[in-house]
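Structure first, commentary second.
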Amino acid sequence: MDKIKAKKKYGQNFLKDDTVLSMIIQSMPNNNNHIVEIGPGLGDLTKNLVKCKDVTAYEVDTDLFAILKTKFAIPIDSGSLTLIHADVLESWTKQKSLHNSKYDLIANLPYYIATNIILRAFEDEACEHIIVMVQKEVAEKFSANEGDKEFSALGVISKLCSIESKILFDVPPESFDPPPKVTSSILYIKKDMSKTMDKNFNSFLKACFQQPRKKLSKNVSSIVPKETISSLFEELEISDNIRPHELSASLYSQIYTKAIIDGREQNSTE
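Per the numbering used here, residue 14 is the first one in the sequence shown, and the count goes up by one each step.
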């Protein structure tokens with residue numbers, strides 16, 4: 014094993030379990046998409062990915078980048094692996110997409126930026142599949158259904174922007190070096206490529222779920238006038254007592270369209 018210590022600031026936990034690595038490879042969709050990996054670490058998943066397809070890997074850690082350059086010199090020279098030394102969120106901001114053609118995101122994500130990465134992948138029009146290792150709690154939020162206690166803004170976005178979202182399997186702490194303090198899960202998302210995510214909708218959802226145990230109408234009243242909410246809930250036949258996790262994704266979309274988008278357009282014409 015490479016003599017390198019995992020760095021807390023990058024949320025590094027190196028996946029070492031060959032069985033789990035094999036299961037991730039088996040879960041890959043059968044298509045011609047490119048693969049993008051974020052945070053390849055010591056390259057344990059990378060070495061399996063490059064056997065299947067061409068890969069672009071983003072690594073922010075200078076020490077790991079140097080190790081990977083040496084370890085994967087042959088696939089880098091042949092062009093089957095493109096290794097990029099960069100902060101992936103900064104790269105996304107600069108270039109809008111992590112690859113210039115359709116790709117699948119397959120990665121063991123650092124916990125501290127996993128949610129942001131998945132949300133950015135939803136915004137990236139070139140990304141079709143998301144198969145990522147994340148904290149189990151995060152995976153549950155993205156795969157939850159209305160009525161589940163885990164259903165949140167992340168679940169609404171996932172429901173509206175994907176064809177399928179599910180947890181494939183859990184991964185125990187001992188599969189990593191060093192072992193994290195939580196259980197991980199492999200999250201699988203197949204995006205609906207005809208849908209795009211509105212950043213303002215994300216902000217609207219944050220307001221809706223800001224106090225999950227309170228009534229939805231009270232949460233929404235922080236950004237929408239109470240009279241508008243009352244008439245909308247009546248029109249859409251939504252109970253005034255409903256809690257945020259109980260409402261369907263499609264109704265969230267309708268409330269947003271009628272209260273925010275239509276209201277904005279109306280104000281601009283006045």
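Each residue gets a CB set at the ideal place from its N, CA and C atoms; glycine is no exception.
A quick note: this is a predicted structure, and the numbers were derived from the prediction, not measured.
- Under the three-state reduction of DSSP output, residue 55 falls in the coil class, being neither helix nor strand.
- Within the model, the alpha-carbon separation for residue 126 versus residue 34 is close to 21 Å.
- Boundaries of the alpha helix (DSSP H) harbouring residue 269: 262-269, taken from the DSSP string.
- In this structure residue 165 does not touch residue 202 by the C-beta definition: roughly 15 Å separates them, more than the 8 Å allowed.
- Distance check between residue 275 and each of 241, 230, 73, 168 places 241 closest, using alpha-carbon atoms only.
- Excluding five sequence positions before and after residue 228, the CB atoms of its chain that fall closer than 8 Å to its own CB belong to 253, 254, 255, 256, given in chain order.
- Here the alpha carbon of residue 239 sits roughly 53 Å from the alpha carbon of residue 30.
- Spanning the alpha carbons of residue 70 and residue 57 requires a straight line of approximately 12 Å.
- Residue pairing from DSSP places residue 120 in a beta bridge opposite 145.
- CA-to-CA, the gap between residue 249 and residue 102 works out to about 38 Å.
- Residue 65 counts as exposed, since fewer than 16 other C-beta atoms from the protein chains shown sit within 10 angstroms of its C-beta.
- In its chain, beyond the 5 residues on either side, 174, 210 have a beta carbon closer than 6 Å to the beta carbon of residue 135.
- With respect to residue 222, residue 269 sits apart: the two C-beta atoms are not nearer than 8 Å.
- Excluding sequence positions up to five before and after residue 236, its CB lies within less than 6 Å of the CB of 220, all in the same chain and listed in chain order.
- Following the DSSP letters along the chain, one finds residue 166 inside the alpha helix (DSSP H) bounded by residues 166-174.
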